[in-house]
Every structure is written in C-alpha cells, then in structure tokens.
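Residue 87 in UniProt numbering is what sits at position 87 of the sequence shown, and the numbering runs on without skipping anything.
Quick reminder that beta carbons are idealized off the backbone N, C-alpha and C, glycines included.
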Amino acid sequence: MSKKKRASPAVVEQLKAAITASGQSLNQLSAASGVHRGQLSRFMAGERDLTFASAGYICEALGVALDVPESLQLQSEQVEVDETEVKPTPKKKQKKK
C-alpha cells in the first residue's frame, strides 16, 4: 500500500497564514469557498490536509495565490498524438418514436 504524500510545510503555513490574516471566521470562509467548515477547522488545527482543489477554492475566496516552491512544481509532459490514428467516435443511432 502506498503512503499518501503530504503537502509541503511551507505551502501549508502560507495557506494558514492567509486564512488567519483574512480576519474571516471559518464559517465565513466556508460559505465563500464552498469548503466544509469542519474540514477547514481540522486543517487549521493540523489534523488533516486539504486537497489541491480545496486549497484552490480557499485561495480564490481569499484573493491570494500560494508561492509553491519550484522543487514541488511538476513539469508538464507533452505527448505527441499521431492524428492519423485518431478516429471520431461513431454517433449512436437514435430510436424512432
């Protein structure tokens, strides 16, 4: 069984600092971000991590961007597609009424 990767402590601390600096209550932030209040509370207490999506929703609600260390940024892979092998999906026949 693989072990879950934990978020970078630097990124976690940035997000916690942004939440604290906002002055918003967890109820307000939950309403603005769509992230459950309990999830926010457990994150702030250090009891759980957030998904990337949840962190993004929180950043958007706060109007901030995280400074992700370069060592943690993934390089996107470019995949070449041979267009001669790409075939359109056949349309399904519709039933007559």
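Host alpha helix (DSSP H) of residue i (start-end)
i: Ala21; result: Pro9 to Ser22
i: Gly56; result: Phe52 to Leu62
i: Ser30; result: Leu26 to Ser33
Where residue i falls, given that 16 or more other Cβ within 10 Å makes a residue buried
i: Ala55; result: buried
i: Phe43; result: buried
i: Ser33; result: buried
Neighbourhood of residue i by C-beta distance below 7 Å, restricted to the same chain and skipping five residues each side
i: Ser30; result: His36, Arg37 and Leu40
Residues near residue i in its chain [Cβ-Cβ closer than 6 Å; skip 5 each side]
i: Ala18; result: Leu62 and Val64
Same chain, Cβ closer than 8 Å to residue i, five either side skipped, listed in chain order
i: Arg48; result: Gln39 and Arg42
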